[in-house]
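Right, one structure below, let's go through it.
There are 2 protein chains.
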Amino acid sequence: MIDQSAYPVDPWALRETHLNLNVLAQSESLFALSNGHIGWRGNLDEGEPFGQPGSYLNGVYETRPLPYAEAGYGYPEDGQTVINVTNGKLIRLLVNDEPFDIRYGQLRQHTRTLDFRTGLLSREVDWASPEGQGIRVRSTRLVSFTQRSIGAITYEVEAIDSTLHVVIQSELVTNEVLPPRSGDPRVSAVLEAPLQAETNYSSEMKATLIHSTKISRLRVAAAMDHHVECQANVQVSTESFPDLGRATYSATLEPGQKLKITKFVAYGWSAERSESAMRDQVAAALESARHSGWDGLVSEQRTALDRLWERADVEVDGDPEIQQAIRFSLFHVFQAGIRAEGRAIPAKGLTGPGYDGHAFWDTETFVLPMLTYTVPEAVAHTLRWRYEMLPTARDRARLLRLGGAVFPWRTINGAECSAYWPAGTAAFHVGAGIAAAVVRYVAATGDTDFEKRMGLELLAETARLWRSLGHHDVEGRFRIDGVTGPDEYSAIADNNVYTNLMAQHNLVSAADAAQRHPDEARRLHIDQEEMATWRDAARAMYIPYDDVLKIHPQSEGFTRHEVWDFENTTEDQYPLFLHFPYFDIYRKQVIKQADLVLAMHLRTDAFTDEEKARNFAYYEALTVRDSSLSASTQAVIAAEVGHLELAHDYLGEAALLDLRDLAQNTRDGLHMASLAGTWNALVCGFAGMREWDGMISFAPCLPGGITRLAITLSMLGRLIRIVIMPEETSYQLVEGKPLQILHNREPVTLPARRAVQLPNRKLIPLIPPMQPYGRRPMTHRSVS
Amino acid sequence: MIDQSAYPVDPWALRETHLNLNVLAQSESLFALSNGHIGWRGNLDEGEPFGQPGSYLNGVYETRPLPYAEAGYGYPEDGQTVINVTNGKLIRLLVNDEPFDIRYGQLRQHTRTLDFRTGLLSREVDWASPEGQGIRVRSTRLVSFTQRSIGAITYEVEAIDSTLHVVIQSELVTNEVLPPRSGDPRVSAVLEAPLQAETNYSSEMKATLIHSTKISRLRVAAAMDHHVECQANVQVSTESFPDLGRATYSATLEPGQKLKITKFVAYGWSAERSESAMRDQVAAALESARHSGWDGLVSEQRTALDRLWERADVEVDGDPEIQQAIRFSLFHVFQAGIRAEGRAIPAKGLTGPGYDGHAFWDTETFVLPMLTYTVPEAVAHTLRWRYEMLPTARDRARLLRLGGAVFPWRTINGAECSAYWPAGTAAFHVGAGIAAAVVRYVAATGDTDFEKRMGLELLAETARLWRSLGHHDVEGRFRIDGVTGPDEYSAIADNNVYTNLMAQHNLVSAADAAQRHPDEARRLHIDQEEMATWRDAARAMYIPYDDVLKIHPQSEGFTRHEVWDFENTTEDQYPLFLHFPYFDIYRKQVIKQADLVLAMHLRTDAFTDEEKARNFAYYEALTVRDSSLSASTQAVIAAEVGHLELAHDYLGEAALLDLRDLAQNTRDGLHMASLAGTWNALVCGFAGMREWDGMISFAPCLPGGITRLAITLSMLGRLIRIVIMPEETSYQLVEGKPLQILHNREPVTLPARRAVQLPNRKLIPLIPPMQPYGRRPMTHRSVS
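Listed in order, the protein sequences are those of chains A and B.
Note that my numbering has the first sequence beginning at 1, numbered continuously upward.
Note that my numbering has the second sequence beginning at 1001, numbered continuously upward.
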């Protein structure tokens, strides 16, 4: 866990006031820069010490064997693992004859700041070498939102109190030695030094390295160029080797004199383009970046971010930690999605190697909602990625003897990488999550063109999957048997309520979209009969209900299973899956992450208020939150059913997951879904936002600790600003024509510009439900 | 499949009239010799050509890694694989300067005979070398039942029509090159040349090789000695190397002259004993064998077999194929179990490397019933093996957070080797099968001493498992959720009827045994309260029933699952698990092997006649028999519910599985459970034998194709001979005091010696139920 004091609360920045090597790897994730195409972990400029060196390109992976002691039909033979590409952020420094390394000498001051408004990561170091020579190093780093192939750094060293000879080595380094990632020697063999050198060039202050991966045959190019400023004479030399490009700057600095270099780094990768095409591509990108110059890149970055904050900022008064966390979240999710352009948003973005760099259902279900109402262009790009993977998903369906398309549980290139089918392939709900994201995006943007070109096909192919996966039983019910829902502490169950409700929505939405676009439907061979079978299956969909307990079982039969022995489970036995066998976890009532509760959020229409309250209380007592995908959803429904303080606590858990390293794996990268969950908890929780049948609705209310919550979001071309105060809420259309919304279930038409003030819903404070023994959410606010 | 004509039907032997290299590997399994301690596949004396060289010692394995792409808590990290030990059966022959190899020259005649009464495998070959020199080779091989460390061979070569110089090389060869067994390089590395040489000796006509396995650290000793006879002069030399011992005999033979050697081979292995102790152990065993001499070994073997046939023979008139098959089955099961002595009876006995040499639940459930009523001593030995593995099984239970003992799904040394838990660890019924075998053995023998020393502890520890695995639900029912029953086309289901009924019997039997033996119960810390919870759980055991279909669902909810699309499944898509994903197989109504139907056999008391008939018909339509563990059980229940011709067909499938290679994997070894299933089908099927509450019952009836069925079996010290004719059955106590049995549910007391004649039950011929499309059992009888 990260001590709160490491990062003083700041509404617009993450600031580190001193370097703590114990949480160095975590800080590398927190300070990661990305534009969705390039990812640079927040490694120290000089490369060492490190927790996990990391430079990533979205979509660059190596293929690795997936071993099975007992294999089965349809098990994927190969997986994909994100690789650490050429490190372009490395800048080493020699002071007289001492390398600048904060582990030696004396570190007088060390601060790092990630500024959410400028998008810059800056660092300031006061250091005395072991022989006592003082220097000041200032560096600033960016990964450009406007020039997607470009990262840039300014690096300045200043002699403080004596004349110093300094040497700056600015490098490109390929195949860095990394901490081991697998105990399997065959996997390690693939991932150790994954890049084979093809060519290298150097000239003037430029160097270029071109490599390719051994098995996946992806070509990766990295190039750098420099600009140097110094009051003293600077000697410059450049050289390149297969795995190393190096520009060296040396100068003798009088006290107060500085040597400053600006480094531009360009990346490119392709499975198709030739060595020479890649060489020219990165050279052109570099030229373009030099043309903008450092100042130009900085100013473009600021402009892009200003636009984001204008359209997406969330203000949280009364809880400064959450204020910082929501902006940190928005900033990182923005980084992950803004220029992904036809590639996935992986579970960790491009901030670390966690989960092998794979994308999961998290993207559509947790990350895309937030982007839909803030940066909808990014959503279109992510869904285009799924669309382009349709042929692979259709092949997978055929292999599994199913209709339509089966999207992978975890993947980089679209092919299934899950080696454990009960928690992978069987979790077919991923398809319904994609369909829901399509419906949500189209409803929020009115992007009919997208719906026609890509959306309908995604809806139809997922609907076809459900139609082939389910069947009508002797009682005429449409059942979906033997699948795994969101909760990973259950598997291979019949009629998971979440899955069935999401499939139902998927089937109806596909039929509706096909009806709206008959030409496109014809092209996809959807006829009236097929649409009718979709509607019929949706109508007959079996949603089990427990008449004795008066709640929905998570899956059929779930509520007759033994309740986990929480009283005799100790704190150090969590997460349970590391301490108990799956078979035991699966057959008991214990929940890793919101499942039925998530259904109540995403299918708000399918439950009465009373059902929601009863279900929430029942599942609250079973949910241990061994997944980072749970707290935000619990916050949303806790707020809806009136447990506002509990909702606030869950909001805190989602918001501070990475900032405080609550799951103890932030070292491997940030949790995009939990970051986006912060937004979900605030907007769907306290603002009570839901979207159903193309209509957006709100039901605001605030917990005691938040005095004001201001949200800006987009819907159908309008920019809406919602300001929630303890008693009332004001809605204002900042941009666009009047729009009808629902406030506390009543239709309200928002006029252009003018704010509308409405009273909040009145909640009778309820006795909050109990969590399992020892699993109460953390309360992040200091008790007053 | 093996052409029927390869082995002409013979009631007392398996004879091969010509060598067919296409089924060489299969013949090596069929002609395998074993005594349960040593296993020698029926490889040709000269070693080549071979399908699969094989010499095994029960319990000798190598440890190998079990790889997982996604590992989980409690997954075993290492497995065990039976290894091919030093080959002691190799005898090479040089004729002038041509090696005797049936692939070259001219093979004029080649016959092999396995005689079920003598236990000898004999071979006769007329061969002309490529240069036209004719020889006759006669060899006879045995693996001794009376001297368990000993195998012996006589090998004789005769010059036919010209003077020949012959050289016989009698060898011990370690680390023979085998066909590859795994695609995983790490596994292959372990299994290639698994034995490390320690020492070798040779002197006179003796040689000894001592090796040990690399990881499991088992020491294996093999030694040979010879006796030579020849009318001509013989030159003898002996030598030894790390992986080779060789005695060479050369002589010049005039036409009609013979060179004959007798080879004695002794094996020993130990995890504890030193090199020198092992050396002396095999030397002593050899000495003892030489003392008996070949004739002595042959005569001891005959005596042992005479006793078996006297106590266990089954005569089947009217169906000569089944007559041969049942004796083939009895012979091989006898071989597998007779001298296992504290070791397992693996699924393939010691006839091949199939299933890695592992023992499964098959042993107790299919093999031990037959041995219980014929060679009960062997049953006590096998159960002693389980008893001795109790500490490992208790450790496994602790690891899985369960009470009592969890026996492994597959193992050699007692530790779980299953790398796929849904079909391994989750199949907890293995424990109930062991408990049932204990109860059956004690009921059939009255061996109270065994019950006190080992049986009670086995019963109690398995009962404790069930008590901890199940729970009472809100309706007061005792449920066992999330387990896998016998049918491997379902997994992780709630309240599998077979499992629950077997667990119920296990719980009650444990409580009864504890009550019978209070002192032993005290020693095992079983008090009245614990016994009460066992009885209570048994009483409240939930047995689901489908009120709509009026049948028992295999597991809760099973009958609402989609029925497999049998019509659109082609012949070449069987076995299904090689062509469809598990997730799809598991969630549909399709059955690999008898599950509920097996419950109706082993818990005959738990179903009414009508339920049996209805259940059988329902499950018959779903069962595809992709497992060799199904046909015999279907035969048993088909006979009980009156489908006698169908029962006869299933009997044929079980009986001829290996003789005709119906499953196309006889090359890897014989199927012990199916061999024993032949006996079950005849004895529990047509004789209708059941044992319940210590009482043995019969309900005989014969299908049209069997005119007389005579069975001999033991019960409580009596030897009973049952002769079933089409209309009536005679019971005769060959040995022992009067005994009460049930005949057609009526009590009958069998007097000493005198036969009792009783009418068979009358069955109204029923319309037989349908099997899935294309899955009707084979009819083995030629249609007249």
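We put the CB at the ideal spot given by N, CA and C, even for glycine.
Predicted, not measured: the structure shown is a model, and the values here were computed from it.
Residues sharing a beta bridge with residue i, DSSP
| i | result |
| --- | --- |
| Gln1052/B | Partner(s): none; Gln1052/B has no beta bridge. |
| Ser1170/B | Ile1091/B, Ala1247/B |
| Tyr61/A | Val82/A |
| His165/A | Thr252/A |
| Ala1710/B | Glu1315/B, Val1723/B |
| Val1025/B | The amino acid occupying residue 1025/B in the given sequence is Ala; Val does not appear at that position. For Ala1025/B, which the question treats as bridged, DSSP gives no partner whatsoever. |
Chain B within 9 Å of residue i, Cβ atoms only
| i | result |
| --- | --- |
| Ser144/A | no |
| Pro67/A | yes |
| Glu488/A | no |
| Thr425/A | yes |
| Thr559/A | yes |
| His471/A | yes |
| Glu204/A | no |
| Ser784/A | In this prediction, Ser784/A has a pLDDT of 39, which is less than 50 and means its spatial position is unreliable; what the coordinates show is noted afterwards. By this cut-off, Ser784/A is not an interface position. |
| Gly79/A | yes |
C-beta neighbour in chain A for residue i, strict 9 Å
| i | result |
| --- | --- |
| Glu1556/B | yes |
| Gly1072/B | yes |
| Gly1652/B | no |
| Tyr1618/B | no |
| Val1683/B | no |
| Trp1421/B | yes |
| Ser1216/B | no |
| Glu976/B | Nothing about residue 976/B can be reported from this structure: the residues present for chain B run from 1001 to 1784 only. |
| Val1474/B | yes |
Nearest-angstrom Cβ-Cβ length linking residue i and residue j, presumed shorter than 8 Å
| i | j | result |
| --- | --- | --- |
| Gln593/A | Pro486/A | 6 Å |
| Lys214/A | Gln235/A | The Cβ separation is near 38 Å, so there is no contact. |
| Ser632/A | Ala681/A | 5 Å |
| Ile1551/B | Arg1614/B | 5 Å |
| Thr1484/B | Pro1422/B | 6 Å |
The region 758-779 of chain A: positions lying closer than 9 Å to chain B by Cβ: Listed by position, the residues of the region 758-779 of chain A near chain B (Cβ gap below 9 Å) amount to none.
Inter-stretch contact at 8 Å, needing at least 3 Cβ pairs: the region 1280-1297 of chain B / the region 1148-1162 of chain B: Verdict: yes, contact present.
The region 1415-1435 of chain B / the region 1354-1365 of chain B touching (three or more Cβ pairs under 8 Å): At 8 Å Cβ cutoff, the stretches touch.
Contact set between the region 1128-1155 of chain B and chain A, restricted to residues whose Cβ is under 8 Å from the partner: If the cut-off is 8 Å between Cβ atoms, the region 1128-1155 of chain B has nothing near chain A.
Chain B contacts from the region 574-588 of chain A (Cβ-Cβ distance under 7 Å): Residues of the region 574-588 of chain A with a C-beta less than 7 Å from any C-beta of chain B: Phe577, Leu578, His579, Phe580, Pro581, Tyr582, Phe583, Asp584, Tyr586, Arg587, listed in chain order.
Cβ contact (3+ pairs, closer than 8 Å) linking the region 525-540 of chain A and the region 498-508 of chain A: As far as the Cβ criterion goes, the region 525-540 of chain A touches the region 498-508 of chain A, which means the pair count is three or higher.
The region 1712-1727 of chain B: positions lying closer than 7 Å to chain A by Cβ: Flagged: no residues at all.
Interface positions of the region 476-507 of chain A facing chain C (Cβ-Cβ less than 7 Å), listed along the chain: Protein chains in the displayed structure are A and B, and chain C is not among them.
Three or more C-beta pairs below 8 Å linking the region 1038-1053 of chain B and the region 1095-1108 of chain B: Yes: the two stretches touch, three or more of their Cβ pairs being nearer than 8 Å.
Contact the region 53-65 of chain A vs the region 105-115 of chain A: 3+ CB pairs below 8 Å: At 8 Å Cβ cutoff, the stretches do not touch.
Chain B contacts made by the region 542-554 of chain A, where a contact means CB separation under 8 Å: Flagged, chain order: Val548, Leu549.
Contact set between the region 389-407 of chain A and chain B, restricted to residues whose Cβ is under 7 Å from the partner: Residues passing the 7 Å Cβ filter: Leu400, Arg401.
Positions along the region 1221-1236 of chain B whose CB lies within less than 7 Å of some CB in chain A: So the list is empty, because no residue satisfies the distance condition.
Interface positions of the region 437-468 of chain A facing chain B (Cβ-Cβ less than 9 Å), listed along the chain: Residues passing the 9 Å Cβ filter: none.
Cβ contact check for the region 1713-1722 of chain B and the region 1731-1747 of chain B: 3 or more pairs under 8 Å: At 8 Å Cβ cutoff, the stretches touch.
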